[in-house]
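Since the structure comes first, as structure tokens, the remarks are kept for the end.
Numbering (full-length UniProt numbering), first residue to last: 1 to 271.
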């Protein structure tokens, strides 16, 4: 999700208000994600319950712009990236060049099958991918195949509360191939992961901020490459004020529980 949202919010800021006071919606979204458990520098966890260490071999399937694996590369792990988009793979490879990752391996692939040997990796990441693929069971089977016994998995898909909110507002192509071709309920997500042979360790959700941002994005009718509009700017200002308020964290938690952009499962491959 973070790679998509970064793409949506990398426009040129408007000249007013002054730059020092303007809230950057991407950086605010990143801060919001960190409050939800992402990118914990102190614990070395990419997400709560998903630590990454130098001895790990980590695979990111659907690597996007490489934000997740950059964090993991900074932990010194071996990184394997896989994506159907050759340009994204190359951009992520270049992004990893400034990290202490002990090795980087790249694959341009549709993941059917993954060009990786059985029981190769100790950590598997695939965020906001399953909603795009034609056969989720086959896709997950490949992820499970390449994991070593005891490997940890970080999987995320859009939460149905946010997807349902967008249904009548989003551009039609948002719910058409190659974009979101299915909405996955919490129960379906857990069942998919369990039926693939993984043990679900945690199932959480977050992202009220981005759910509302995207709803306003469709109404603003601006381009992804320059998503600058009063609706979006005012929303970023409002959410920053919420987080800065005395009970900001409590309010965020309550709203994330009602409408969430994403749901995240941490799972383990049985020994």
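Glycine is no exception: its CB is placed at the ideal position from the N, C-alpha and C atoms. Note that the coordinates shown come from a computational prediction; the quantities given were computed from them, not determined experimentally.
Quiz prompt | residue 185: CB within 7 Å of a non-hydrogen atom of the ligand GTP | solution = The ligand GTP is not part of this structure, which contains no ligands at all.
Exercise. Tell me residue 147's beta-bridge partners as DSSP assigns them.
Key: 121
Quiz item: Which residues mark the beginning and the end of the alpha helix (DSSP H) in which residue 224 is found?
Solution: Segment: none, residue 224 is in no alpha helix (DSSP H) and carries neither H nor E.
Quiz item: When you compare only the Cα positions, how much space is there between residue 16 and residue 68?
Solution: For residue 16, the predicted model reports a pLDDT of 37, less than 50, meaning its position is unreliable and no value from the coordinates is stated.
Quiz item: Quick one: is residue 247 buried, meaning 16 or more other Cβ sit within 10 Å of its Cβ, or exposed?
Solution: exposed
Self-check item: Local conformation of residue 233 per DSSP, three classes
Solution: helix
Quiz item: What's the gap between the Cα of residue 92 and the Cα of residue 80?
Solution: 11 Å
Quiz prompt | When 233, 104, 77, 121 are compared against residue 90, the one with the closest alpha-carbon | solution = Per the Cα distances, 104.
Quiz item: Since residue 113 sits in a beta bridge, which residues does DSSP pair it with?
Solution: In the DSSP output, where bridge partners are listed per residue, residue 113 has none listed.
Quiz item: Which residues in the same chain have their Cβ closer than 8 Å to the Cβ of residue 267, if we skip the five residues on either side of it in sequence?
Solution: 152, 153, 155, 193, 198, 199, 200, 201
Quiz item: For residue 264, which of helix, strand or coil comes out of DSSP?
Solution: The answer is strand: DSSP assigns residue 264 an E or B state.
Self-check item: Between the CA atoms of residue 242 and residue 120 - distance to the nearest angstrom
Solution: One C-alpha to the other measures close to 44 Å.
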